[in-house]
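*Asks:* One structure, as structure tokens, below. Some questions next.
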Amino acid sequence: MNLFDTLTLPNGSTIPNRLAKAAMEENMADAAQAPSERLMRLYQAWADGGAGLLISGNVMVDSRAMTGPGGVVLENDAQLEKFRRWARIGRSAGAQFWLQINHPGRQMQANLGQQAWAPSAVPLELGGMSRHFATPKAMDEAMIAEVIQRFARSAGLAERAGFSGVEIHAAHGYLLSQFLSPLSNRRSDAWGGSLENRARLLL
């Protein structure tokens, strides 16, 4: 195997080489929470770098649930042309470009003034830093159903915009990983308890 060999994925699509730019949260949205000119220029540089796969920084599925200022949101088609341009830029040198989609759950900065939601009303435990994060409320069935629809909608919009695929962010303490962990998921219904139940939202 060579780093510059092509890689065929299980779905049949081919990545031109085995180099990938991992997801990093750029916080470079414009005032409409869409990809900015700065973000476009950054991804043009990464596309020109020759990696076979580019993965975007996390893009939120809900403008009411942000990790911080400057975050990009894809929840409807109002700014879809900017996402189309971003997708074209990312793919301009032949790479696949995947959009990483995310919901922060309880991992939201308190100074944003947004209500944090989580599988259970368990706040982050970060010592003196904990006060910088919003106190979460436990999600009910309707909220869980809405989150599922939001991930599906954002994935569909990413496809319409021309991205090669999506990466669902289920790590780093965000909502999906909060459901996976028994430390933050203390539910006793179909979404908590056993590993199967805790993984239900993701799978």
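Number 39 in the working numbering belongs to position 24 of the sequence shown; there are no gaps in the numbering.
Just so it is clear, CB atoms sit at the ideal spot from N, CA and C, and this is done for glycine as well.
(1) What residue range does the alpha helix (DSSP H) around W61 cover?
(2) Roughly how many whole angstroms lie between the Cα atoms of G188 and P119?
(3) Nearest-angstrom Cα distance between A61 and F148?
(4) According to DSSP, is V76 helix, strand or coil?
(5) Are any of the Cβ atoms in chain B nearer than 8 Å to that of L190?
(6) Starting from V137, follow its DSSP beta bridges and name the residues at the other end.
(7) Does the beta-carbon of M144 have 16 or more other beta-carbons within 10 angstroms, so that it is buried, or is it exposed?
(8) Beta-carbon within less than 8 Å of A66's beta-carbon, same chain only, minus the 5 sequence neighbours each way: which residues are those?
(9) What do you reckon, are the CB atoms on Q115 and N73 nearer than 8 Å?
(10) What's the gap between the Cα of N117 and the Cα of A46?
(11) Mind checking which residues open and close the alpha helix (DSSP H) that includes V212?
(12) Which value, in whole angstroms, describes the spacing of the CA atoms of L22 and K152?
(13) Where does G180 sit, in a helix, a strand or coil, going by DSSP?
(14) Which of helix, strand or coil does DSSP assign to A46?
(15) What does L68 pair with, by DSSP beta-bridge criteria?
*Replies:* Let me lay it out:
(1) Residue mapping note: residue 61 aligns to position 46 of the sequence shown, counting from 1. Per DSSP, W61 belongs to the alpha helix (DSSP H) from 52 to 63.
(2) Stepping through the sequence shown from its first residue, residue 188 is reached at position 173. Stepping through the sequence shown from its first residue, residue 119 is reached at position 104. Those two C-alpha atoms are separated by around 8 Å.
(3) In the sequence shown, residue 61 corresponds to position 46, counting from 1. In the sequence shown, residue 148 corresponds to position 133, counting from 1. According to the sequence displayed, residue 61 carries Trp and not Ala. Spanning the two alpha carbons is a distance of roughly 32 Å.
(4) Within the sequence shown, residue 76 is the residue found at index 61, counting from 1. It is coil, neither helix nor strand.
(5) You won't find chain B in this structure, because it holds only one protein chain.
(6) Position 122 of the sequence shown holds residue 137. The partner list for V137 (beta bridge, DSSP) is empty, contrary to what the question assumes.
(7) Residue 144 sits at position 129 when you count from the first residue of the sequence shown. The residue in question, M144, is exposed, as its Cβ has fewer than 16 Cβ neighbours within 10 Å.
(8) Residue 66 sits at position 51 when you count from the first residue of the sequence shown. Correct list, in chain order: N32, L34, A35, K36, A110.
(9) Here residue 115 corresponds to residue number 100 of the sequence shown, with the count starting at 1. Here residue 73 corresponds to residue number 58 of the sequence shown, with the count starting at 1. Taking 8 Å as the Cβ cut-off, Q115 and N73 qualify as a contacting pair.
(10) The sequence position of residue 117 within the sequence shown is 102, counting from 1. The sequence position of residue 46 within the sequence shown is 31, counting from 1. Here the alpha carbon of N117 sits roughly 19 Å from the alpha carbon of A46.
(11) Here residue 212 refers to the residue found at position 197 of the sequence shown. Just to set this straight, residue 212 is Asn in the shown sequence, not Val. Looking at the DSSP string, the run of the alpha helix (DSSP H) that includes N212 is 210 to 213.
(12) Position 7 of the sequence shown, counted from the first residue, corresponds to residue 22. Position 137 of the sequence shown, counted from the first residue, corresponds to residue 152. Distance between the alpha carbons of L22 and K152 is about 43 Å.
(13) As a position in the sequence shown, residue 180 is number 165, starting the count at 1. In the structure shown, G180 sits in a strand (DSSP, three-state: E or B).
(14) As a working note, residue 46 is residue 31 in the sequence shown. In the structure shown, A46 sits in coil (DSSP, three-state: anything other than H, G, I, E or B).
(15) On the sequence shown, position 53 is the one that residue 68 refers to. A35, Q111, per the DSSP bridge assignment.
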